[in-house]
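These notes concern the structure reproduced below.
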Amino acid sequence: MFFEQLLQQVINGLMLGSIYISVAVAFTLTIGILNFLNFTIPALYMLAGMVGWSLSHYGLPFGISGPLNWAVALLIGIVCAILGSLLVERFTYRYFKMKHGDATEHAIPLVSSLGFLLIFEYLILIAHGSDTRGFSTPFSNTDLRLFGFIISIPQFLSLIFSILIVAGLSVLLNRTKLGRALRAIAENPEVATLMGIEVNKIVPIVFVMTGFLCGVSASIFAINYHEVSPYMGDHVGTKAIAAMVIGGLGSVWGAIAGGLIVGLSETLSIYFFGASSAQITVWGLLLILLVFKPTGLFGHNAIGKGKF
Amino acid sequence: MLKVEDLEVRYGPIHALKRVSMTVGKSEIVTVVGANGAGKSSLLKAIVGAVKSSSGKIIFEEKVVNGLTAPDRVKSGLILVPEGRQIFVSMTVEENLLIGAYSQHSSQQRQAIESIFDRFKNLADRRYQLASVLSGGEQQMLAIGRAMVARPKLLMLDEPSLGLSPILVRQLFELIEELNSEGISILIVEQNTKLALKTAQRGYVLELGSVRQQGLASELAGDKGLANAYLGDSV
Numbered sequence: 000m001f002f003e004q005l006l007q008q009v010i011n012g013l014m015l016g017s018i019y020i021s022v023a024v025a026f027t028l029t030i031g032i033l034n035f036l037n038f039t040i041p042a043l044y045m046l047a048g049m050v051g052w053s054l055s056h057y058g059l060p061f062g063i064s065g066p067l068n069w070a071v072a073l074l075i076g077i078v079c080a081i082l083g084s085l086l087v088e089r090f091t092y093r094y095f096k097m098k099h100g101d102a103t104e105h106a107i108p109l110v111s112s113l114g115f116l117l118i119f120e121y122l123i124l125i126a127h128g129s130d131t132r133g134f135s136t137p138f139s140n141t142d143l144r145l146f147g148f149i150i151s152i153p154q155f156l157s158l159i160f161s162i163l164i165v166a167g168l169s170v171l172l173n174r175t176k177l178g179r180a181l182r183a184i185a186e187n188p189e190v191a192t193l194m195g196i197e198v199n200k201i202v203p204i205v206f207v208m209t210g211f212l213c214g215v216s217a218s219i220f221a222i223n224y225h226e227v228s229p230y231m232g233d234h235v236g237t238k239a240i241a242a243m244v245i246g247g248l249g250s251v252w253g254a255i256a257g258g259l260i261v262g263l264s265e266t267l268s269i270y271f272f273g274a275s276s277a278q279i280t281v282w283g284l285l286l287i288l289l290v291f292k293p294t295g296l297f298g299h300n301a302i303g304k305g306k307f
Numbered sequence: 000m001l002k003v004e005d006l007e008v009r010y011g012p013i014h015a016l017k018r019v020s021m022t023v024g025k026s027e028i029v030t031v032v033g034a035n036g037a038g039k040s041s042l043l044k045a046i047v048g049a050v051k052s053s054s055g056k057i058i059f060e061e062k063v064v065n066g067l068t069a070p071d072r073v074k075s076g077l078i079l080v081p082e083g084r085q086i087f088v089s090m091t092v093e094e095n096l097l098i099g100a101y102s103q104h105s106s107q108q109r110q111a112i113e114s115i116f117d118r119f120k121n122l123a124d125r126r127y128q129l130a131s132v133l134s135g136g137e138q139q140m141l142a143i144g145r146a147m148v149a150r151p152k153l154l155m156l157d158e159p160s161l162g163l164s165p166i167l168v169r170q171l172f173e174l175i176e177e178l179n180s181e182g183i184s185i186l187i188v189e190q191n192t193k194l195a196l197k198t199a200q201r202g203y204v205l206e207l208g209s210v211r212q213q214g215l216a217s218e219l220a221g222d223k224g225l226a227n228a229y230l231g232d233s234v
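One line per chain: the protein sequences are A and B, in this order.
Heads up, the first sequence is in numbering that gives the first Met the number 0, so the first residue is 0 and it goes up one at a time.
Heads up, the second sequence is in numbering that gives the first Met the number 0, so the first residue is 0 and it goes up one at a time.
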């Protein structure tokens, strides 16, 4: 009985981890290619979820339409996350890069991305309050019983989907012209420019990907857990950063492992020690891992540039 | 082919280039020599658009290119091999060449890359290896190969002999002459002044951001005052 319950928790943990994977990949992409820890990522995730909820609950603003179909609402939510991400690119990364060059490479974009995080979050709080909102989809009861274990089909599909997205990203980075350009920018943006790569046109693509990954991940969350809230980004944000570091900065495959490990340790920790223990377990694990392997599980030796 | 008129470059309070004028003719090899910090690298970077010029004109093939971005200048055939080679060590040899051919049509990319592998057999053998495992000489070959696949009309080399053994330096300059005989104009910035002046047809001497002397390379090489100031005992 105990082992069956434990195994059920392992399954739940892996499913939860699939939520973290996409967000962890979003973090790892911006840090790997641009050397920029983009703190707005949790807000983009929340934005997609809350915009999706708002559209499926109220419909388009100004009475243009009634409540939208849940899938359409989430799609528009994803688009909003992408647009929000481009806004961050324009006014944190590009703006400071153009004005001040590399001298401000780390701190100022980081702090201004934190500013965007809070602004997005409080705009949503003003618009919709701080309550957790129910998000209903036709998938409310689609659990699959397999050998006595409960596997939620949407969760299982989202795990597969997350892994497919990462696989696609990996192919993009390693096999395509755009991917090579991104890796060249990751290693040395100045020399990439000398090769004829239009860095200012390609960097926004990273932010489009970031917004897309956050939006998809938030949609998966909304479909699986039937709820969204203005704080949903904060919960996933810290876990995704932990997942990224555990997997290794700049490693997209590491982000999968990291996401699953974080999801697993979170559910097991809650099962054994109660709800408040999750963060202690996740971050304790991370700190112990870093002592033995500072690059994370799949990170390269070089910390800084050129990690793909 | 290339005409630079009264070019000025400033980095904040530092005045790196002061009214520098120079030309490179069609199929010519021109060298710019001078001490460290004379502004040689700044000149090349300004020509390719990697640093902004504060005034002056850069004219390439009868067109003022000041307003073009660096990638657009690359498309028009102005290619720089940067100082210290700066190959992408996290990529394979072939990927480095693909990046070099970035602005070429994909149909021409393959052909351009194969011709580099024909020219440099060592690189062909290491095609799928990471560029980080290459020796210094091979890295320089790759850096030049990466520039060649971009089909340069004017190839600029910033300190190409840096860190290479004397034999490799000689081979490098033979290669430069070979490329030149294929019709590519060449602008070399060098610390190895003697060899640069031997290879080039004309030369400029930069001092503290200004052109101090210019003329036929053979005359500059024979200039006593210059020899004492810059040419030293370099090989």
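Note that CB positions come from ideal geometry on N, CA and C, so glycine has one too.
So residue i and residue j are supposed to be a Cβ contact under 8 Å. How far apart are they, rounded?
| i | j | result |
| --- | --- | --- |
| residue 36 of chain B | residue 0 of chain B | With a Cβ gap of about 28 Å, residue 36 of chain B and residue 0 of chain B do not count as contacting. |
| residue 343 of chain A | residue 231 of chain A | With chain A covering only 0 through 307, there is no way to say anything about residue 343 of chain A. |
| residue 88 of chain B | residue 141 of chain B | The Cβ separation is near 10 Å, so there is no contact. |
| residue 57 of chain B | residue 3 of chain B | 6 Å |
| residue 251 of chain A | residue 158 of chain A | Not a contact, Cβ separation roughly 16 Å. |
Have a look at residue i and residue j and give me their C-alpha separation to the nearest angstrom.
| i | j | result |
| --- | --- | --- |
| residue 233 of chain B | residue 174 of chain B | Note that residue 233 of chain B scores a pLDDT of 45, beneath 50, so its modelled location is shaky; the value from the coordinates is reported in the next line. Distance between the alpha carbons of residue 233 of chain B and residue 174 of chain B is about 20 Å. |
| residue 148 of chain B | residue 19 of chain B | 30 Å |
| residue 275 of chain A | residue 286 of chain A | 18 Å |
| residue 185 of chain A | residue 138 of chain B | 20 Å |
| residue 14 of chain A | residue 259 of chain A | 8 Å |
| residue 234 of chain A | residue 189 of chain A | 37 Å |
| residue 59 of chain A | residue 295 of chain A | 44 Å |
| residue 199 of chain A | residue 144 of chain A | 50 Å |
| residue 36 of chain A | residue 256 of chain A | 20 Å |
| residue 123 of chain B | residue 116 of chain B | 5 Å |
| residue 215 of chain A | residue 25 of chain A | 11 Å |
| residue 199 of chain B | residue 179 of chain B | 10 Å |
| residue 159 of chain B | residue 107 of chain B | 27 Å |
| residue 240 of chain A | residue 75 of chain A | 26 Å |
| residue 7 of chain A | residue 212 of chain A | 27 Å |
| residue 219 of chain A | residue 50 of chain A | 14 Å |
| residue 16 of chain A | residue 40 of chain B | 50 Å |
| residue 155 of chain B | residue 86 of chain A | 38 Å |
| residue 109 of chain B | residue 118 of chain B | 14 Å |
Looking at the strands, I want to know which residues DSSP matches up with residue i.
| i | result |
| --- | --- |
| residue 222 of chain B | Answer is none; residue 222 of chain B lacks a bridge partner. |
| residue 130 of chain A | For residue 130 of chain A, which the question treats as bridged, DSSP gives no partner whatsoever. |
| residue 147 of chain A | The partner list for residue 147 of chain A (beta bridge, DSSP) is empty, contrary to what the question assumes. |
| residue 184 of chain B | B/153 |
| residue 236 of chain B | Nothing can be reported for residue 236 of chain B, as the shown portion of chain B is limited to 0 through 234. |
| residue 13 of chain B | B/10 |
| residue 73 of chain A | According to DSSP, residue 73 of chain A bridges with nothing at all. |
| residue 226 of chain A | A/133 |
Could you tell me whether the Cβ of residue i comes closer than 8 Å to any Cβ of chain B?
| i | result |
| --- | --- |
| residue 183 of chain A | yes |
| residue 29 of chain A | no |
| residue 308 of chain A | No statement about residue 308 of chain A is possible, as the shown extent of chain A runs from 0 to 307 and does not include it. |
| residue 32 of chain A | no |
| residue 246 of chain A | no |
| residue 190 of chain A | yes |
| residue 2 of chain A | no |
| residue 128 of chain A | no |
| residue 249 of chain A | no |
Is there a C-beta anywhere in chain A that falls below 8 Å from the one on residue i?
| i | result |
| --- | --- |
| residue 51 of chain B | no |
| residue 0 of chain B | no |
| residue 112 of chain B | no |
| residue 232 of chain B | Note that residue 232 of chain B scores 48 on pLDDT, short of 50, meaning its location in the model is unreliable; the coordinates nonetheless yield the value given after this. Chain A contact via Cβ: absent. |
| residue 90 of chain B | yes |
| residue 15 of chain B | no |
| residue 74 of chain B | yes |
| residue 19 of chain B | no |
| residue 135 of chain B | no |
Whose C-alpha, out of the options, is nearest the C-alpha of residue i?
| i | options | result |
| --- | --- | --- |
| residue 79 of chain A | A/107, A/45, A/91 | A/45 |
| residue 92 of chain B | B/118, B/133, B/107 | B/133 |
| residue 75 of chain B | A/91, A/295, A/245, A/193 | A/193 |
| residue 82 of chain B | B/97, B/166, B/49, B/60 | B/49 |
| residue 266 of chain A | A/281, A/257, A/256 | A/281 |
| residue 218 of chain B | B/204, B/209, B/86 | B/204 |
| residue 238 of chain A | A/28, A/11, A/20 | A/20 |
| residue 227 of chain A | A/89, A/62, A/108, A/120 | A/120 |
| residue 197 of chain A | B/94, B/34, B/61, B/68 | B/68 |
| residue 150 of chain B | B/156, B/170, B/183 | B/183 |
| residue 107 of chain A | A/50, A/88, A/18 | A/88 |
| residue 148 of chain A | A/2, A/297, A/299 | A/2 |
| residue 92 of chain A | A/195, A/64, A/39, A/65 | A/39 |
| residue 146 of chain A | A/297, A/299, A/206, A/10 | A/10 |
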